[in-house]
Amino acid sequence: MEKGTWTVKKGLAEMLKGGVIMDVTTPEQAKIAEEAGACAVMALERVPADIRAAGGVARMADPTVIERIMDAVTIPVMAKARIGHFVEAQVLQALGVDYIDESEVLTPADEEFHINKHEFKVPFVCGARNLGEALRRIGEGAAMIRTKGEPGTGNVVEAVRHMRKVMGEIRYIQNLPEEELMTAAKKMAAPYDLVVKVAELGRLPVVNFAAGGIATPADAALMMQLGCDGIFVGSGIFKSKDPVARAKAIVAATTHYNDPKILAEISRDLGEAMPGIEISAIAPEERMQERGW
Amino acid sequence: MLVGVLALQGAFIEHEKSLRACGAETRQVRLPGQLKDLDALVIPGGESTTMGKLLIDYQLLEPIKELAQNGMPIFGTCAGLIMLSKDVVGSKQPTLGLMDTSVQRNAFGRQVDSFETAVSIPVLGGKSYPAVFIRAPYIQSVGPGVEVLAAYDEKIVLARQGSLLAAAFHPELTDDLRLHQYFLSLVSTKKF
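Which chain is which? The protein sequence lines are A and B, in order. Quick note on my numbering: the first sequence kicks off at -17 and runs consecutively. Quick note on my numbering: the second sequence kicks off at 32 and runs consecutively.
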């Protein structure tokens, strides 16, 4: 019997596919998310929109907040550690969270090195803007990838950019003759063996979710049609007027992403979405997606 | 042979791959109309609470029950095992309630306790089966009509009741096709 193997780390992400992972800050919100059909929750002290508004340094949540949320629901509970902050990750593993998000939403603790995720029994998810970044994270041990998007904006444009970029680069790699793969690996600064694997599989070797700016059922279905495996919704639910209705609608949209009639039905009467931010209104140095490498 | 795979949420693509490797055709099932003309149905691993809600919201619960009662073989893995069970200990979550079993959810602990191990499954022959347990349930007790096919650490992890088969682990995450082949051997020529 062996615990914490690559198969079980990657396997939990496989079980989350076609589902929605929702940011929650209280046990009550966690219950609403579970009741709406979320396949997992992300336990936080503040959702990304509030982190953005507050400024300053954003850190791992208080263990009490995370534990209360773990006690409130039966679905998997994820929590965020700062990029490179392996001690926050050790703490989260000790608490027994089901997945750690090494996240650009929090203020990075290390500007050069990410966490060595192979050292942990708990699996990690990491953000990426392109294939090279995704494969570097997988090389460090991430068992799940998500787009970075631009968190807390309610604006899906960056998540679309990142998903299209990853998918386009996968199609490119797939069509290369074998002798060109090493040079491709060098150019995108990605581990060679993982580039070979992508060429073989025609997809990332781990589950690939969309995150960062998803605010409506149509946003979720758009990301699914672009080829992602499932959806993270951060601020999009609990910063909207009617979180219960919106949460349920985004869950249904992620299942029925290819059925415009059902999408039309579930998009009705949801009340106002979260307030959105135009990306050009955010100074480049304040964009969360620029954190990490 | 056409096997439906419930595709509301979870590892349905992996099941389709295993089934196709066994020579079956597959169809993703998200709506009642997609249940037509199936020979069998697979309910994959995923989150049972999510699946249960979508089964009700999209009117799949009753049609699947009816097909099972008419004898259609159904194979549930992990969350699928929970969906097949009559009773879920300490929970009122909706299930199909087709198998006379009582299951314990997240019974081996949280994700850090998820594990791989070799399980002996006599109906598959002498060679042990590579079983992947992810936040897995187990069957705590079974009624008289249920045949226990495998146990791990004295906990029931594979059981059969007529043409219904339930596994606590994930055969779709390994290359060993024997359990999918065993399930397909339960399928008769009758279309449902």
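Backbone N, C-alpha and C fix where the C-beta goes; we use that ideal spot for every residue, glycine too. Since we're looking at a predicted model, the values are computed, not measured.
{"Asked": "Inter-residue spacing [alpha-carbon to alpha-carbon] between B:Leu66 and A:Val226", "Found": "30 Å"}
{"Asked": "Under 8 Å from the C-beta of B:Gln192: neighbouring residues of chain A", "Found": "Simply none; closest approach about 24 Å."}
{"Asked": "Euclidean distance between Cα positions of B:Thr108 and B:Pro202", "Found": "8 Å"}
{"Asked": "CB contact check: A:Pro187 to chain B, cutoff 8 Å", "Found": "no"}
{"Asked": "Residues that B:Glu185 contacts on chain A, provided the C-beta gap is smaller than 7 Å", "Found": "The contacting residues do not exist; B:Glu185 stays about 14 Å from chain A at best."}
{"Asked": "Interface residues of chain A facing B:Ala42 [CB-CB closer than 7 Å]", "Found": "Glu(-4), Met(-3), Lys(-1)"}
{"Asked": "Contact residues within the stretch 91 to 104 of chain A, judged by C-beta distance below 8 Å to chain B", "Found": "Lys103, Val104"}
{"Asked": "Test: A:Ile127 CB closer than 8 Å to a CB of chain B", "Found": "no"}
{"Asked": "Cβ shell of A:Lys221 (< 7 Å), same chain only, five flanking positions each side left out", "Found": "Val29, Ala31, Met256"}
{"Asked": "Rounded Cβ spacing between A:Ala22 and A:Ile3 (contact assumed at less than 8 Å)", "Found": "5 Å"}
{"Asked": "Cutoff 8 Å: B:Phe146 Cβ touching any chain A Cβ", "Found": "yes"}
{"Asked": "Where the alpha helix (DSSP H) containing B:Gly35 begins and where it ends", "Found": "First-last for B:Gly35: 33 to 37, but that is the beta strand (DSSP E), not the alpha helix (DSSP H)."}
{"Asked": "Beta-carbon neighbours of B:Leu39, restricted to chain A and to distances below 8 Å", "Found": "Gly0, Thr237"}
{"Asked": "Inter-residue CB distance, A:Met126 and A:Phe68 (contact presumed, cutoff 8 Å)", "Found": "Actually they are not in contact, since the Cβ atoms of A:Met126 and A:Phe68 sit about 18 Å apart, beyond 8 Å."}
{"Asked": "With 16 other Cβ atoms within 10 Å as the buried cut-off, status of A:Lys243", "Found": "exposed"}
{"Asked": "Rounded distance between the beta-carbons of A:Gly(-14) and A:Lys278, thought under 8 Å", "Found": "What is shown of chain A runs -17 to 275, which leaves residue 278 of chain A out entirely."}
{"Asked": "Cβ distance (whole Å) where A:Thr129 is taken to contact A:Gly114 below 8 Å", "Found": "Rounded, the Cβ-Cβ distance is 14 Å, inconsistent with contact."}
{"Asked": "Chain A contacts made by the stretch 100 to 128 of chain B, where a contact means CB separation under 8 Å", "Found": "Cys109, Ala110, Ser122"}
{"Asked": "Three CB pairs or more closer than 8 Å across the stretch 45 to 60 of chain A and the stretch 7 to 18 of chain A", "Found": "yes"}
{"Asked": "Test: B:Arg58 CB closer than 8 Å to a CB of chain A", "Found": "no"}
{"Asked": "DSSP state of B:Pro161 mapped onto helix, strand, coil", "Found": "strand"}
{"Asked": "Closer than 7 Å: B:Gly156 CB and nearest the ligand GDP heavy atom", "Found": "No copy of the ligand GDP occurs in the structure displayed, which carries no ligand at all."}
{"Asked": "Contacts around A:Asp44, its chain only, beta-carbon distance under 7 Å, and the 5 residues preceding and following it disregarded", "Found": "Glu27"}
{"Asked": "According to DSSP, residues forming a beta bridge with A:Tyr81", "Found": "A:Met60"}
{"Asked": "As assigned by DSSP and simplified to three states, the class of A:Glu93", "Found": "coil"}
{"Asked": "Inter-stretch contact (C-beta, 8 Å, three-pair minimum) for the stretch 174 to 185 of chain B and the stretch 138 to 154 of chain B", "Found": "yes"}
{"Asked": "is_contact[B:Val188, chain A] using C-beta, thresh 8 Å", "Found": "no"}
{"Asked": "Cβ neighbour criterion (16 or more within 10 Å) applied to A:Asp175", "Found": "exposed"}
{"Asked": "CB-CB length for B:Phe106 against B:Phe214, believed under 8 Å", "Found": "4 Å"}
{"Asked": "Assigned exposure category for A:Asn157 - 16 Cβ within 10 Å defines buried", "Found": "exposed"}
{"Asked": "Where the stretch 49 to 83 of chain A meets chain B: residues whose CB sits under 9 Å from a CB there", "Found": "Met52, Val55, Thr56, Ile57, Pro58, Val59, Gln75, Gly78, Val79, Asp80, Tyr81"}
{"Asked": "C-alpha distance - A:Ala171 paired with A:Met(-17), whole-angstrom precision", "Found": "36 Å"}
{"Asked": "Length of the line joining the Cα atoms of B:Thr126 and A:Gly195", "Found": "34 Å"}
{"Asked": "Sequence ranges, alpha helix (DSSP H) only - wholly within the stretch 193 to 273 of chain A, length at least 4", "Found": "199 to 207, 217 to 220, 225 to 237, 242 to 248"}
{"Asked": "Whole-Å CB distance - A:Gln207 paired with B:Val143, under 8 Å assumed", "Found": "Incorrect: roughly 34 Å between the Cβ atoms, too far for contact."}
{"Asked": "Reduced DSSP category for A:Glu27 - H, G, I as helix; E, B as strand; rest coil", "Found": "coil"}
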